[in-house]
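Input: a single structure, listed below in structure tokens.
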Amino acid sequence: MSAIKKFYVTTPIYYATGAPHLGTLYSTVLADVAARWHKVCGNEVYFLTGTDEFGQKVAQAAQEVGKDPQLFVDGYIDAYKDLWKQYEIEYSQFMRTTSEFHVKAVQAWLRKLMEKGDVYKGAYEGWYCLPCETYITEKDFVPGTVNPACLSCERPTKWVSEPTYFFKLSAYQDKLLAFFQTHPDFIIPRERFAEVISFVKSGLQDISISRSTLTWGVPFPGDDAHVTYVWADALNNYITAIGYAQEDKQEQFAKWWPADMQVMGKDIVRFHAIYWPAFLMAAELPLPHHLLVHGWIKVGDHKMSKSRGNAINPHELLKNYGADAVRYYLLRQLAITQDGQFSIEDLEQKITSDLANDLGNLLNRMIILADKQNATTMTVGLWQEEEQELQKKMVAMLEEVSKEMERGYFHLALAGVWKYVSAVNSYFHAREPWKLAKQDPVTFMTVLSATAHSLYTVAYVLWPVMPLKMEELLRALGCTFELQGDKISELKNQSWNKVFTVQKNDPLFQKPEPAKEVAIEAAVAFEPQPTSADVSIEDVMKVELRAGTISACVRVSGSEKLLRMEVDFGEAGRRTIFSGIQKHYSPEQLIEKQAIFVFNLKPRKMMGEASCGMLLTAEDEQGRVAFITPERPVPNGRVLK
Ligand code: MSP
């Protein structure tokens, strides 16, 4: 028997600005499945999830509905806890970053960094994505772009300029690269690792870790004018939850840290794979063993998100299909390595084919046959070649599934289980037990017993994914689900020696009625909230758009992207404006063309000269840029309304 190991798994903490949706459920189910797998393997598990409650995004969302931020976030906690409960998420702790112990521990962490000389005061100027609470670095957009789109959520960013405390991230560049080199499995899947390594290699800048234009955050130690930048506070939840910097919890902290698996979506990998390890190095703490990075659930071409209005309501899915089937679909359909499509038709098809037909029917047919022949108590069979073959396949399946579950490739683990379920179905058909009942009662019993042993194994292997249904399957075999020791090794090593007493029951899985309507973002918990991306008409009017004719245009030497234009705005004068569209237009194509420009943009120095405005453009599906022009010519300098 293998030694008991500890397994500490975490989910991201979710912004408490709205109720959970299918995307956040997905991260949480992945962590729950990993946790339950380790429980079946006899390991000691700690599973942390929770909510991210500080920062500008939360403060602004609260302000928009006229609520105190604490009361605002308090209002969402039950929505998370209830949904997690209904989806059988068995967490050990629900973390809230507004908890006092967290605030104090984050301050202790900051003091440690300051003592080490890793923090200094300065001023930050740059673009900021509020929905993602992210500083956009120069590497992330074409120079000269105004309000560049956030790489992750694609929404326009805003200019921030404020005094701040910086963390010396640049000092950790080499240490991070050295760590990555010696830990090739740090980021799973490996494909995502490459992106992180190349980002770090291209040079790390120090990052701002405090905000002085905000009060909703962890007070910055020693400076009342600042609060901690929300990601610096949030990432630390993974250590503060289990006792970091809390005197009475040192033993607990030493027991669980470092985390064994930290689950997250690809949109937040940079925070977890670069900032977080550097923060830990600065605090002289060991780094987590693995980051499991999943792709996005997409609906059509887009990431599913509440602000896009294409979010699927997990409550509706629950009502129509039950938690276990949805959990199964999320894990089987969405490969951890890629983005995946969510479709109701596909979900229903998987429930019918995999769950109701392949698995449920096998159980049903075996039990009906046993019942008909008064053979509901099955003695241990007399194993022949066919059964020995099936046992070998079972052991191979357990080995393959263990490997894939361990590394978080759940879709491959499930494919492995279903290969075995098919093999059991084929065995059952080939053995034709309905004929054996009269002709050869001993072999008849052997076939039933082998099928029951197979289903028993499948139930334990699938329990992490479908806990309630698999406990039901075990009950149908006359067994009770038990978490004791390393069940997976036991199944691998023990010969088939069980006596089953099966019971006739309702089918394990119901085939769904075709294409049930699933309300998109409609239920009460999903009341649309004004998002930070919405702006008032007054805000729109602040941007002065004017028509102008490009009277001269040249390529800028030393730049592959920029064109330099002279633009005639009639009575409003002539201006020099740079635009990063050299790849899409030659200067000749633009001369004498009328276009639309942002006129009151703060001048920016580009290639040694001031650019006083911005040409408006849009991209087509192939990424080709088109500039915006009035439908018919209007006088130069005319203001758009
Ligand atoms: N608060 C930060 C995380 C801080 S962790 C220290 C945050 N919160 S979040 O509410 O936006 O939720 C993040 C998690 O939900 C990520 O793992 C993200 O990938 C996941 N998802 C949100 N929409 C998703 C999809 N459409 N598809 C898959 N997962 C997505 O970021």
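So that you can map any letter, position 146 of the sequence shown is 145 in numbering that gives the first Met the number 0, and since no number is skipped, the others follow by simple counting.
The beta-carbon is built from N, C-alpha and C at its ideal position, and this holds for glycine as well.
None of the values given here were measured: they were computed from a predicted structure.
- In the DSSP annotation of this structure, the continuous segment of the beta strand (DSSP E) that includes P11 starts and ends at K5 to Y14.
- Approximately 5 angstroms separates the beta-carbon atoms of F166 and I208; this is inside 8 angstroms, confirming the contact.
- For ligand 1, no non-hydrogen atom lies closer than 7 angstroms to the CB of L129.
- For V624, the enclosing beta strand (DSSP E) has its first and last residue at V624 to F626.
- Within 10 angstroms of the beta-carbon of P602 lie fewer than 16 other beta-carbons, which makes it exposed.
- S209 is bridged by DSSP to T227.
- Of the residues assessed, A60 falls on the buried side of the cut-off, its CB having 16 or more other CB atoms within 10 angstroms.
- At the C-beta level, G242 and Q251 come within 8 angstroms of one another.
- Here the distance from the Cβ of A233 to the nearest heavy atom of ligand 1 is below 7 angstroms.
- Note on R35: 16 or more other CB atoms within 10 angstroms of its CB, so buried under the neighbour-count rule.
- Annotated as proximal: I296 and F341, with beta-carbon spacing under 8 angstroms.
- As the crow flies, the alpha-carbon of H410 is around 30 angstroms from that of V501.
- In the DSSP assignment, L176 falls within the unbroken alpha helix (DSSP H) covering Q172 to T181.
- Its chain contains E565 as the residues whose beta carbon lies nearer than 6 angstroms to that of A551, once the 5 sequence neighbours on both sides are disregarded; these appear in chain order.
- Two segments are said to touch when three or more pairs of C-beta atoms, one from each, lie closer than 8 angstroms; by this definition the segment 145-162 touches the segment 121-129.
- Taking the CA atoms as reference points, A310 sits about 24 angstroms from Y90.
- In the three-state reduction of the DSSP assignment, I296 falls in the strand class.
- With a cut-off of 7 angstroms, the C-beta of Y86 is classified as distant from ligand 1, since no heavy atom of the ligand falls inside that distance.
- Listed as beta-bridge partners of D567 by DSSP are T548 and R573.
- D31 is classed as buried because its beta carbon has at least 16 other beta carbons within 10 Å across all chains shown.
- Taking non-hydrogen atoms of ligand 1 into account, the C-beta of D300 is found less than 7 angstroms away from none of them.
- In the three-state reduction of the DSSP assignment, M365 falls in the helix class, which pools H, G and I.
- Sorting H314, V195 and P257 by C-alpha distance to the C-alpha of Y79 places H314 at the top.
- 8 angstroms or more divides the Cβ of I590 from the Cβ of V624.
- Using a Cβ distance threshold of 8 angstroms, Q261 and L290 count as a contacting pair.
- T16 sits away from V64, with the two beta carbons spaced by 8 angstroms or more.
- For W495, no pairing in a beta bridge is given by DSSP.
- The way I'd put it, the segment 138-151 doesn't touch the segment 173-180; fewer than three beta-carbon pairs between them come closer than 8 angstroms.
- Straight across, the Cα-Cα distance linking K302 with E99 is about 35 angstroms.
- Secondary structure remark: continuous beta strand (DSSP E) runs of at least 3 residues inside the segment 441-515: none found.
- The closest heavy atom of ligand 1 lies 7 angstroms or more from the beta carbon of T133.
- Unbroken alpha helix (DSSP H) stretches of 4 residues or longer found wholly inside the segment 213-290: 229-234, 236-239, 249-255 and 275-281, given in chain order.
- Rounded to whole angstroms, the separation of the alpha carbons of C611 and E344 is 52 angstroms.
- Our two residues, P287 and G49, have alpha carbons roughly 18 angstroms apart in a direct line.
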